[in-house]
Amino acid sequence: MKKIFQYIMLAVVTIVMASCTSDIEETTATAGKSNVQLVVGEFPAFGDSQTRAIGTPDEGKTSWAEGDELLLEMTSKTLGTKYAAFTYNGSSWELASGELSYKEDEVPTFPHVYYAPNYKWEAGKLVLKEGKAAGTDEYIEGTANITPNGQGINVSFAKATRNYSRLRIATMPNKQITVDIDQYIPAGSNMERYQDIALTSDEKGNAYLYGTFGKSAEVTVKYGRAPLATHKFSQATVNAKSYVLDATVISANSAEEIKSAIEQEIANSKTAIRLNLASDAGDNEFNAIREAFKNVRGNVQDGTIDLTLIGCKEIPADGLKELNALKSIFLPDVTKIGMNALFRCVYLEEICAPNVSTIDERAFAGFIMLEKVTLGELTDVRGEANSGGGIFDDDNWTPYIDLYLPKNQEVMKGEFDENSNQYIWKPTGEKYFASPDYDNGIFLGYQFNSVKSWE
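Just so you know, we're using our numbering here: the sequence shown kicks off at 122 and counts up by one.
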């Protein structure tokens, strides 16, 4: 009688984490006529660089966590190649997709075992999951083999292959940032990326990139359109080594904290000052900013400070007026700019407020150096151009300014409102970038050097 072959079908498999130094607590699941156990070694912690550490070193991920996934490829001489994904539920691993099967009396091989959260098996190949980008998570290859008795599969990352490095970006907790980068090959890819990469920092303020950074690679970190940090590598990064980039922002809520922070940054010869304020920061907080720059006036030159204010939604009336130290100002979260808010900041060269929708009279008046202004989709602007009450000066400075507006900006029409006793500009419904005003470089009644879309 022909011998009947029995096959082990790993439709449901329990995987137990194994410590390198402790005994394994065995948990088995019956599959066909055999008990099969998949044992997974400890997660290979990356470690942190001590050469450029920012604050307290942070190793990042150091152990398996609920939701982690492993991707296994197994080859059987009889049944061919099979692919499967297993997910960790916090105490054991469960088959999430695919199938592993081999004949009971043979020894299958495992050509590949991956921890690659951004990827999935598809037609026998690793492909990016929908919405995932290469280089935003690990791509580690481990090993697997059948135990001598054939009753288990050992998975190990003790000698995990990391042919890439890690860049830890230390910034604000739970914030979305973008990273503009060149000469960068993401982990799991063999092609350079140049476009912006969107990342979200964790509760500790860390965001990570995994890949190879070439010699002279330049990394710029932004929050919205506000630059937080730029670094240029002097040498190509080393595989399996961690690097750290300081894109931290000073959190300051009270008036005293704000003054102290600005004065300390100036004392440290910093020219880029980045403050994270409360969303409802108002007169007291902005009075503190003006007072701080007044206190350090003898220690800072005019037109040398790049100021970024994150978190606050409004710049109140007179909020930042007459700050000669400012060279540029970035307001990524501001939606309203009050009357005279930046009045007579004489040496300002750039204003960036990409989310502002409301601007009051003379907000940007009194400039002689202004070259670039980036605004959000405007819906309410106060003041008539060339009347002494417009948001810009009336002495022909705007023809030297490059104005940047979002692509959805509408044509604004102005008229005097008797109820508010103000001249008010409101959107008309007509797309600005399809209008004659755009062709002529005119907006809100002002002539500009150029008007461009920033999206």
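Think of the CB as a built atom: it goes at the ideal place given N, C-alpha and C, for glycine as much as any other residue.
Legend entry - L366 beta carbon less than 8 angstroms from that of M431: Here residue 431 corresponds to residue number 310 of the sequence shown, with the count starting at 1. Here residue 366 corresponds to residue number 245 of the sequence shown, with the count starting at 1. Sequence check: residue 431 is Ile here, not Met. No. Outside cutoff.
Legend entry - Rounded separation between Q530 and A205 - CA only: What you label residue 530 is simply residue 409 of the sequence shown in a count that begins at 1. What you label residue 205 is simply residue 84 of the sequence shown in a count that begins at 1. So the two alpha carbons sit approximately 49 angstroms from each other.
Inset, instruction - Pull up the distance between the alpha-carbon of R395 and that of S375, whole angstroms please. - result: In the sequence shown, residue 395 corresponds to position 274, counting from 1. In the sequence shown, residue 375 corresponds to position 254, counting from 1. Near 16 angstroms, if we compare the C-alpha coordinates of S375 and R395.
Legend entry - Nearest neighbour of A350, chosen from Q356, A357, V342 [CA to CA]: Numbered from 1 along the sequence shown, position 229 holds the residue referred to as residue 350. With distances taken between Cα atoms, A350 lies closest to V342.
Inset, instruction - Could you name the residues that DSSP lists as bridge partners for T299? - result: Here residue 299 corresponds to residue number 178 of the sequence shown, with the count starting at 1. In the DSSP output, where bridge partners are listed per residue, T299 has A319, K343.
Inset, instruction - Have a look at L193, N461, S213, N542 and flag the residue whose alpha-carbon is nearest the alpha-carbon of I437. - result: By one-based count along the sequence shown, residue 437 stands at place 316. Inspection of the sequence shows that residue 437 is occupied by Pro rather than by Ile. For the residues L193, N461, S213, N542, the minimum Cα distance to P437 belongs to N461.
Inset, instruction - Using only alpha-carbon positions, find the residue among G497, K391, G459 that is nearest to G403. - result: Looking up residue 403 in the sequence shown gives position 282. Nearest C-alpha to G403: G459.
Inset, instruction - Starting from the Cα of L469, find the closest Cα among E482, I480, V455, I426 and give me that residue. - result: Stepping through the sequence shown from its first residue, residue 469 is reached at position 348. Selected option, being the one with the closest Cα: I426.
Inset, instruction - Kindly indicate the opening and closing residues of the alpha helix (DSSP H) around R411. - result: In the sequence shown, the residue the question calls residue 411 occupies position 290. 404-416 is the span of the alpha helix (DSSP H), which, as asked, contains R411.
Inset, instruction - Could you tell me the boundaries of the beta strand (DSSP E) in which Q543 lies? - result: Locating residue 543 in the sequence shown gives position 422, where the first residue counts as 1. Unbroken beta strand (DSSP E) run through Q543: 543-552.
Legend entry - Three-pair Cβ contact test at 8 angstroms for the segment 283-303 versus the segment 378-393: no
Inset, instruction - Along the alpha helix (DSSP H) that carries A388, what are the first and last residues, could you check? - result: Your numbering for residue 388 matches position 267 in the sequence shown. 376-388 is the extent of the alpha helix (DSSP H) around A388.
Inset, instruction - Tell me, to the nearest whole angstrom, how far the beta carbon of V248 is from that of L191; I am working on the premise that it is less than 8 angstroms. - result: Reading the sequence shown from its first residue, position 127 is the one you call residue 248. Reading the sequence shown from its first residue, position 70 is the one you call residue 191. About 17 angstroms separates the two Cβ atoms, so there is no contact after all.
Inset, instruction - Consult DSSP for G326 and reduce its assignment to one of helix, strand or coil. - result: On the sequence shown, position 205 is the one that residue 326 refers to. Here G326 sits in coil by DSSP.
Legend entry - Residue-chain proximity (R346, chain C), Cβ-Cβ < 8 angstroms: The structure shown has no chain C; it contains just one protein chain.
Inset, instruction - Take Y223 as the anchor and find which of G273, K241, N210 has the nearest alpha-carbon. - result: For the purposes of this step, residue 223 is taken as the residue at position 102 of the sequence shown. Nearest option by C-alpha distance: G273.
Legend entry - Own chain residues within Cβ distance below 8 angstroms of S571, not counting five before or after: Here residue 571 is taken as the residue at index 450 of the sequence shown, counted from 1. Counting only Cβ-Cβ distances below 8 angstroms, and skipping sequence neighbours, we find D523, L524, G562.
Inset, instruction - Have a look at T208, G219, E215 and flag the residue whose alpha-carbon is nearest the alpha-carbon of M95. - result: In the structure as shown, the chain begins at 122 and stops at 576. Residue 95 is therefore absent and cannot be evaluated.
Inset, instruction - Tell me K534's beta-bridge partners as DSSP assigns them. - result: What you label residue 534 is simply residue 413 of the sequence shown in a count that begins at 1. K547.
Inset, instruction - Compute the Euclidean distance between the alpha carbons of E406 and K434, then round it to the nearest angstrom. - result: By one-based count along the sequence shown, residue 406 stands at place 285. By one-based count along the sequence shown, residue 434 stands at place 313. Cα to Cα, E406 sits roughly 13 angstroms from K434.
Inset, instruction - Return the CA-CA distance between I267 and E259, expressed in angstroms with no decimal places. - result: Numbered from its first residue, the sequence shown carries residue 267 at position 146. Numbered from its first residue, the sequence shown carries residue 259 at position 138. Using only the alpha carbons, I get a separation of about 25 angstroms.
Inset, instruction - Report the residue from V234, A279, W214, S310 whose alpha carbon sits nearest the alpha carbon of A254. - result: Position 133 of the sequence shown, counted from the first residue, corresponds to residue 254. Ranking the options by Cα distance to A254, first place goes to S310.
Legend entry - Y240, enclosing beta strand (DSSP E) - first and last residue: The count along the sequence shown starts at 1 and reaches residue 240 at position 119. Looking at the DSSP string, the run of the beta strand (DSSP E) that includes Y240 is 240-243.
Inset, instruction - Using only alpha-carbon positions, find the residue among A186, L221, K182, Y331 that is nearest to K198. - result: Walking along the sequence shown from the start, residue 198 turns up at place 77. Checked all of A186, L221, K182, Y331; the closest Cα to K198 is L221.
Legend entry - G419 (DSSP reduced to helix, strand or coil): Residue mapping note: residue 419 aligns to position 298 of the sequence shown, counting from 1. DSSP places G419 in helix when its eight states are reduced to three.
Legend entry - Integer-rounded CB distance, given that A474 should sit under 8 angstroms from T495: As a position in the sequence shown, residue 495 is number 374, starting the count at 1. As a position in the sequence shown, residue 474 is number 353, starting the count at 1. Correct: roughly 7 angstroms between the Cβ atoms.
Legend entry - Member of E471, K203, F485 whose CA lies at the smallest distance from the CA of E443: By one-based count along the sequence shown, residue 443 stands at place 322. Comparing Cα positions, the closest option is F485.
Inset, instruction - Could you tell me which of V160, I371, V359, H352 sits nearest to G326, measuring between CA atoms? - result: Taking the sequence shown and counting its residues from 1, the one referred to as residue 326 is at position 205. It is I371 whose Cα lies nearest to the Cα of G326.
Legend entry - Between the CA atoms of G440 and N408 - distance to the nearest angstrom: The count along the sequence shown starts at 1 and reaches residue 408 at position 287. The count along the sequence shown starts at 1 and reaches residue 440 at position 319. Between N408 and G440, the C-alpha separation is close to 7 angstroms.
Inset, instruction - Please look up how many angstroms separate the CB atoms of N416 and E386, rounded, as I've assumed it's under 8 angstroms. - result: Position 295 of the sequence shown, counted from the start, is the residue given in the question as residue 416. Position 265 of the sequence shown, counted from the start, is the residue given in the question as residue 386. Actually they are not in contact, since the Cβ atoms of N416 and E386 sit about 12 angstroms apart, beyond 8 angstroms.
Inset, instruction - Please work out which residues of its chain come closer than 6 angstroms, Cβ to Cβ, to K336, disregarding the five sequence neighbours upstream and downstream, and give them in chain order. - result: Position 215 of the sequence shown, counted from the first residue, corresponds to residue 336. Q356, A357.
Legend entry - Cα-Cα separation between P232 and E215, rounded to whole angstroms: Here the question's residue 232 lines up with position 111 in the sequence shown. Here the question's residue 215 lines up with position 94 in the sequence shown. Distance between the alpha carbons of P232 and E215 is about 21 angstroms.
Inset, instruction - Assign A291 to one of three DSSP states: helix, strand, or coil. - result: Residue 291 sits at position 170 when you count from the first residue of the sequence shown. Residue state, collapsed to three classes: strand.
Inset, instruction - Check P307 in the structure and name its three-state DSSP category. - result: Residue numbering aside, residue 307 sits at position 186 when the sequence shown is read from its first letter. Reduced to three states, the DSSP call for P307 is strand.
Inset, instruction - My understanding is that D547 touches K534, with C-beta atoms under 8 angstroms, so please give their C-beta distance in whole angstroms. - result: Your numbering for residue 547 matches position 426 in the sequence shown. Your numbering for residue 534 matches position 413 in the sequence shown. The displayed chain sequence assigns Lys, not Asp, to residue 547. So it is a contact: roughly 6 angstroms between Cβ atoms.
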